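Start counting the sequence shown at 221; every next residue gets the next number (the working numbering).
Here a beta-carbon is modelled for each residue, glycine too, at the ideal position from N, C-alpha and C.
Just so we're clear, the structure is a prediction, and the values are computed from it rather than from any experiment.
Structure, as structure tokens:
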Amino acid sequence: MLRDRWTNEQIEMWLDRMEQGKEVFHEGKVWEILEQFDHTNGEGDEKTKQYRSKLLALLAHTRYKRVQKVDHLVERWVREALELDHTNALAHQLNVETFYEFLYRIPIPNKFPPIRETDHGSAKKKTAYEYHKIAETFFQYVDQYKDQWQVVKTSLTYLEDPGRLREIEQVIRFFDHLQKPFQTIQSATAEYANSLTGVYYSAAQFKQILQATKEIEQVKEAWTELFPSKKVVQEQETALDELHRLIGLNDVKDRVKQLYKFLHYQKERLRQGFQSKDGINLHMILSGNPGTGKTHLARLMAKIYYELGLLERDEVYEVDRTQLVGAYVGQTEENTNRAIERAAGGVLFIDEAYSLKRAGAAGNDYGQTAIDTLVSAMTSGKYAGTFAVILAGYPDEMRTFLRSNPGLRSRFPDQNQIEIENYTITELLQIAEKIATDNDYILTSGAKQECRKRIEKAQVDESFGNARAVKNIILDAIFQKGSTMSLEHPQTEDFILLQAGDFKEETDQSSGQSAKNELNQLIGLEQVKKEMTQLTSFVQIQQMRRENGLQALPLQVHSVFTGNPGTGKTTVAKLYAKSLKEIGLLKRGHVVIVSRADLVAGYVGQTAQKTKEIIKDALGGVLFIDEAYSLLAEGQGDFGKEVVNTLVQEMTEHEENLVVVLAGYGNEMQRLLDSNPGLRSRFKKHIHFDDYSKSELVQMIERRADQTGYHLTNEARDLLKEQLTEEGHPGNGRYAMDLFDRLVQIQSLRLVGFDRVNMEQLTAIEQEDVERLRKEGV
221 MLRDRWTNEQ IEMWLDRMEQ GKEVFHEGKV WEILEQFDHT NGEGDEKTKQ
271 YRSKLLALLA HTRYKRVQKV DHLVERWVRE ALELDHTNAL AHQLNVETFY
321 EFLYRIPIPN KFPPIRETDH GSAKKKTAYE YHKIAETFFQ YVDQYKDQWQ
371 VVKTSLTYLE DPGRLREIEQ VIRFFDHLQK PFQTIQSATA EYANSLTGVY
421 YSAAQFKQIL QATKEIEQVK EAWTELFPSK KVVQEQETAL DELHRLIGLN
471 DVKDRVKQLY KFLHYQKERL RQGFQSKDGI NLHMILSGNP GTGKTHLARL
521 MAKIYYELGL LERDEVYEVD RTQLVGAYVG QTEENTNRAI ERAAGGVLFI
571 DEAYSLKRAG AAGNDYGQTA IDTLVSAMTS GKYAGTFAVI LAGYPDEMRT
621 FLRSNPGLRS RFPDQNQIEI ENYTITELLQ IAEKIATDND YILTSGAKQE
671 CRKRIEKAQV DESFGNARAV KNIILDAIFQ KGSTMSLEHP QTEDFILLQA
721 GDFKEETDQS SGQSAKNELN QLIGLEQVKK EMTQLTSFVQ IQQMRRENGL
771 QALPLQVHSV FTGNPGTGKT TVAKLYAKSL KEIGLLKRGH VVIVSRADLV
821 AGYVGQTAQK TKEIIKDALG GVLFIDEAYS LLAEGQGDFG KEVVNTLVQE
871 MTEHEENLVV VLAGYGNEMQ RLLDSNPGLR SRFKKHIHFD DYSKSELVQM
921 IERRADQTGY HLTNEARDLL KEQLTEEGHP GNGRYAMDLF DRLVQIQSLR
971 LVGFDRVNME QLTAIEQEDV ERLRKEGV
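So this is what it looks like as structure tokens:
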């Protein structure tokens with residue numbers, strides 16, 4: 221968690237913990253501490269200088285390891301670290317590494333361009349010019365070397381490392397030895413190039429040049445041996461090694477490791493002459509939600525099969541339905557066979573494989589033909605046993621797909637079916653940091669917090685893109701930084717740091733009033749306001765307890781709204797959703813309003829699916845079921861109960877990601893809750909909406925008039941009050957809105973006959989308008 225301010229003691233403790241390996245070094249945290257120093261102007265304090273020096277050296281060291289070279293940032297941070305504390309051992313060590321890097325980069329040719337006595341004069345002159353340029357470039361490095369060597373000698377004395385000193389001195393001796401032959405080349409080639417006229421040349425100069433190049437080439441062989449750490453001696457990484465390096469996927473790694481051992485065992489068994497009637501089955505099913513790495517894993521499996529010698533190639537040919545299924549008879553077999561031929565020796569990867577089998581597809585849908593052709597090729601024919609098929613798709617769809625096709629299901633043994641779980645939030649943040657690092661950016665602690673919020677907001681349902689979504693979030697933050705940053709006086713941090721502000725979404729910047737204020741401004745509903753305030757306050761405090769590591773009580777957010785039509789149930793439900801989003805419980809805060817007709821279908825099974833689709837749309841928000849009691853309507857089949865059962869099941873599965881509000885008349889709602897014990901146990905909060913009084917209805921009409929640029933005259937208001945009974949009207953708020961709309965129409969009809977109409981007449985609802993309304997019996 222990001223601190224408001226780091227004290228010297230806290231920084232000391234953090235640095236000690238890192239040295240002891242008890243805490244992971246985080247570059248973003250270092251930047252925030254450095255920024256704190258900048259803001260507090262603590263540069264004059266010796267202790268602060270030491271901390272700044274240590275942190276800059278750590279930044280330089282981490283970058284050096286990551287980019288595998290000394291770049292301008294590493295050099296700058298080392299220089300600044302030593303300016304702050306000339307005893308900083310890590311900075312001195314990096315100084316030596318910088319010098320080593322500099323020496324390694326000196327361009328010393330392994331072989332010089334050939335120059336022969338028999339060459340034509342112009343060819344000799346051209347070669348001599350090339351030699352001269354090589355020597356000039358070398359001596360440009362010599363000038364820099366002299367300055368750097370003086371600095372490094374100082375660093376070596378601070379490090380007190382005799383072994384390192386001897387290594388450097390040996391390199392220096394070789395470097396000094398190289399200077400003499402390069403001087404010979406530099407002077408001789410200049411004279412040699414100038415001496416060439418026609419076929420004339422200097423034999424002495426020619427001999428000097430050859431001798432010098434030979435000496436340099438010999439020294440270069442020994443020179444290369446002085447940089448063992450720079451040799452690229454990298455063992456070929458196996459597919460299992462690559463899999464092991466991936467973030468998360470622990471269960472997948474265990475499964476693949478087991479599968480690898482099994483395949484290796486089977487291969488060795490065959491090598492020793494034992495028989496296997498069924499052979500080694502390489503076909504595989506990978507299921508997982510978007511962005512969980514199915515395609516990447518398929519490529520790694522191809523490498524594993526190849527490394528074990530089970531396939532001729534480690535290549536993956538990727539296809540989907542559009543590349544297999546044709547539009548007419550015969551085209552699908554042709555497309556599928558062509559794909560199999562392309563994949564022979566490697567892996568045929570079919571993404572979203574379930575799309576080949578469409579439920580209720582018409583007779584001219586040839587997806588089944590593609591499946592039949594594929595199954596046939598897997599078991600017999602020219603390419604049987606020469607390629608592996610890997611099917612990929614979302615978990616639920618893949619399970620349904622395989623159940624509907626037993627012939628295909630039998631070709632994929634259980635051990636070859638791997639389901640990839642979603643990444644945890646911790647793993648997603650690690651992926652975010654890696655993506656940022658790959659783009660040469662660092663996330664500050666504040667940026668990680670904002671990135672986490674963006675990820676959690678996106679984690680609404682199974683459509684969440686996991687690593688793919690995280691990549692989009694990081695790339696969006698990079699875009700936000702680049703599109704808003706001024707380049708007039710840029711700082712290094714502007715090009716390397718992603719900060720909290722870069723992750724803010726424009727849509728997050730809410731305009732307008734809070735849900736609480738909007739609720740309080742509603743006319744009437746005093747008891748409802750108290751109940752809603754109490755409910756949202758409870759949720760907010762439990763959220764805060766949870767965030768602070770305290771035990772939180774279960775959140776009882778599902779509610780039953782009872783009351784007559786027009787009493788504000790839908791309006792309050794929208795404000796309830798907005799309020800739950802504001803306090804961080806809901807990620808979207810939208811409301812999906814449905815009734816029986818939206819949920820109940822024509823036959824058993826379809827109703828459950830229809831209800832699940834509606835619930836999926838409502839995830840992250842509120843599902844408002846109006847007249848919910850109609851789900852138990854008699855004489856309309858028993859499908860309403862299927863909605864209730866599905867609703868209870870989905871509420872349990874999605875927990876706080878879904879809030880359900882049931883609305884309707886009081887007595888009828890009780891019968892609905894009694895119909896299913898699970899339903900009643902989930903709806904413990906009941907809020908009753910009273911009918912509006914006469915006074916409240918008049919207030920509604922006047923507020924509506926004010927919002928639309930009208931007003932009621934005093935006489936019109938008094939007459940309107942006389943027209944309404946003290947108890948109000950059964951239509952409640954809807955009646956008030958209908959009444960106002962009718963008054964506006966009556967006023968318009970009255971004014972349209974006037975020759976001239978002034979502003980006051982255009983905005984005023986007069987007494988005669990209300991009288992006309994009463995005569996019409998509205």
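- In this structure, 301 is the residue among 301, 806, 600 with its C-alpha nearest to the C-alpha of residue 276.
- The Cβ atoms of residue 504 and residue 625 lie no closer than 7 Å to each other.
- At a cut-off of 3 residues, the continuous stretches assigned as beta strand (DSSP E) that sit fully inside the region 598-624 are 608-613.
- Boundaries of the beta strand (DSSP E) around residue 504: 504-508.
- Looking at 426, 872, 521, the one whose alpha-carbon comes closest to that of residue 473 is 521.
- Between residue 595 and residue 652, the CB-CB gap reaches or exceeds 7 Å.
- Exposure of residue 974 is indicated by the presence of fewer than 16 other C-beta atoms within 10 angstroms of its C-beta.
- Sequence-distant partners of residue 271 (beyond 5 residues in either direction) whose C-beta falls short of 6 Å from its own C-beta, in its chain, are 231.
- C-alpha of residue 829 to C-alpha of residue 894: approximately 24 Å in a straight line.
- Counting only runs that start and end inside the region 237-322, the alpha helix (DSSP H) elements of at least 4 residues fall at 247-260, 266-287, 292-304.
- Spatial neighbours of residue 765 in its own chain (CB-CB distance under 6 Å, excluding positions within 5 residues in sequence) are listed in chain order as 772.
- For secondary structure counted as the beta strand (DSSP E) over 3 or more consecutive residues, the region 825-872 holds these complete runs in sequence order: 842-845.
- Residue 983 counts as exposed, since fewer than 16 other C-beta atoms from the protein chains shown sit within 10 angstroms of its C-beta.
- With contacts defined by Cβ atoms closer than 7 Å, residue 901 and residue 948 do not form a contacting pair.
- A residue is called buried once 16 or more other Cβ atoms fall within 10 Å of its Cβ, and residue 427, having fewer, is exposed.
- Cβ contact annotation for residue 567 (same chain, cutoff 6 Å, sequence separation greater than five): 522, 536, 608, 610, in chain order.
- Under the Cβ criterion (8 Å, minimum of three pairs), the region 807-825 counts as touching the region 857-871.
- Inter-residue distance for residue 665 and residue 557 is about 53 Å (C-alpha atoms, whole angstroms).
- Assigned with DSSP and collapsed to three states, residue 718 falls in strand.
- Secondary structure note for residue 796: its alpha helix (DSSP H) is the uninterrupted segment 789-802.
- Of 953, 876, 459, the smallest CA-CA separation from residue 763 is found for 876.
- The beta strand (DSSP E) runs lying completely inside the region 483-567 and spanning 3 residues or more are 504-508, 536-539, given in chain order.
- Rounded to whole angstroms, the gap between the alpha carbons of residue 680 and residue 613 is 19 Å.
- Within the region 373-445, the complete alpha helix (DSSP H) runs of at least 4 residues fall at 382-415, 423-445.
- Residue pairing by DSSP places residue 697 in no beta bridge whatsoever.
- For residue 987, the CB contacts under 7 Å within the same chain, skipping 5 residues up- and downstream, are 933, 935, 936, 939 in chain order.
- Distance check between residue 922 and each of 344, 307, 604, 963 places 963 closest, using alpha-carbon atoms only.
- Going by beta carbons, residue 848 and residue 892 fall inside the 7 Å limit.
- For residue 771, the three-state secondary structure derived from DSSP is coil.
- At least 7 Å separates the beta-carbon of residue 405 from that of residue 442.
- Your pair residue 500 and residue 483 checks out as a contact, with CB atoms roughly 6 Å apart and the cut at 8 Å.
- CA-CA distance, residue 678 to residue 965, rounds to 46 Å.
- Looking at the DSSP output, residue 783 bridges to 909.
- For residue 931, the three-state secondary structure derived from DSSP is strand.
- With contacts defined by Cβ atoms closer than 7 Å, residue 316 and residue 391 do not form a contacting pair.
- For the pair of segments examined, the region 696-710 was found not to touch the region 864-878: the number of CB pairs separated by less than 8 Å stays below three.
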